[in-house]
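Student: Take a look at the following structure, please.
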Amino acid sequence: MIEIILFIKLFIILIATSIGAWTDYKTGYIYNWITFPLIILGLLLLILESFVLFNLGWFYFLKVFIIGLLIYGIGYLFYYFGKLGGGDVKLFLGIHLLVPYVNGQLLILWVLILSSLLSVLIVSIKYLFILFRKITFTEFKKIIKTRTSKMIIYLLMFIFFVFLLYSAIYNVGFSKYYYLLLIPIFIGLLTVLFEEEIKKYIYLKRKVLRKIEEGDVLAIEFLSKELLNKLNMGNRQVIEEKDLLIIKNLDVKSLPIYDNLPRFGPYILLGFIFSFLYLFFLF
């Protein structure tokens, strides 16, 4: 009975993440009509499983609920600074509430790890390739000269990850395949090193005021202090409905925004699929 319910819930998540991946890929949005039913259903089943169906108790309920609050809270910070879409955060929350654990493992943790690694691996390679085609060799040398301290820090971080994985493999008994994690870690650090150039050459775009809409990510680094004060957004980069009226009345023709940002929805789907396969068949 428990296994049947679990597989039904996993199938529901598969449908939701598939639809979310498609809408995010096509439009850049994971809509509330996808995430809200998942969250509501997850909450209802959490209550039923905790106190009616399986009597899992208050401790289980509070543990799952508090982890859900942490997911939403941390996710909102990423959303606030324009690093993650609001739909992504709500989809993660829905996944966690509907299926908190698989074989004793926190499912959402694996989904987060695998979706992030896949995103870093695929998106970073793509954007680094585009960037290196756009900048000249002279610009590249100039960037390297001005980032020496950062390069040393990132190199030390990479060495730390190497020793961490070495310890996990030879002392804890992890598989040697975990060394493959060094690939996305290295590419991710390389991407962070060239983050400013990726923003400037790939993401940055000027958008006329009348076309700016809720959810656009404002490139606050390229705004004057005067404009920042008028917008009154603080460090928040994602444009909300309340900002639109102020924006329409600005005495400028356009604003710098970050366009063509990576769509994370497809990677959530892939992260969920690989998490499911790992926890059921390999763990």
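Just so it is clear: in the sequence shown, position 258 is 446 by this note's numbering, and no numbers are missing. Note that beta-carbon positions come from the ideal geometry of N, C-alpha and C, so glycine has one too.
#1: Given VAL396, which residues of its chain have a CB within under 8 Å of its CB, disregarding the five upstream and five downstream residues?
#2: Which one of ILE341, GLU402, PHE410, TYR354 has the shortest CA to CA distance from LEU377?
#3: From GLN425 to TYR268, what distance separates their C-alpha atoms?
#4: Can you tell me where the beta strand (DSSP E) with LEU392 in it begins and where it stops?
#5: Measure the C-alpha to C-alpha separation of LEU236 and PHE374 and round it to an integer number of angstroms.
#6: Which runs of the alpha helix (DSSP H) fall wholly inside the region 414 to 441 and span at least 4 residues, in chain order?
#7: Going residue by residue through the region 236 to 308, where are the continuous alpha helix (DSSP H) segments of at least 4 residues, counting only ones entirely within it?
#8: Give every residue of the same chain whose Cβ lies closer than 7 Å to the Cβ of MET345, excluding the five residues on either side of it in the sequence, and list them in chain order.
#9: Quick check: the region 295 to 309 against the region 451 to 462, are there 3 or more CB pairs under 8 Å?
#10: Rounding to the nearest angstrom, what Cα-Cα distance links GLY256 and THR324 in this structure?
#11: Output the distance between the C-alpha atoms of TYR366 and PHE349, rounded to the nearest integer angstrom.
#12: Judging by CA-CA distance, which residue of LEU285, ALA356, LYS388, TYR354 is the nearest neighbour of PHE320?
#13: Which of helix, strand or coil does DSSP assign to TYR446?
#14: What distance in whole Å lies between the Cβ atoms of GLY282 and THR223, which are believed to be in contact at a cut-off of 8 Å?
#15: So, do the region 274 to 293 and the region 427 to 440 have three or more beta carbon pairs nearer to each other than 8 Å?
#16: Between THR215, LEU244, GLY361, which lies nearest to ILE190 when the distance is taken from Cα to Cα?
Tutor: The short version:
#1: LYS441, SER442
#2: ILE341
#3: 6 Å
#4: 392 to 396
#5: 44 Å
#6: 429 to 436
#7: 245 to 268, 274 to 286
#8: LEU377
#9: yes
#10: 46 Å
#11: 11 Å
#12: LYS388
#13: strand
#14: 5 Å
#15: no
#16: LEU244
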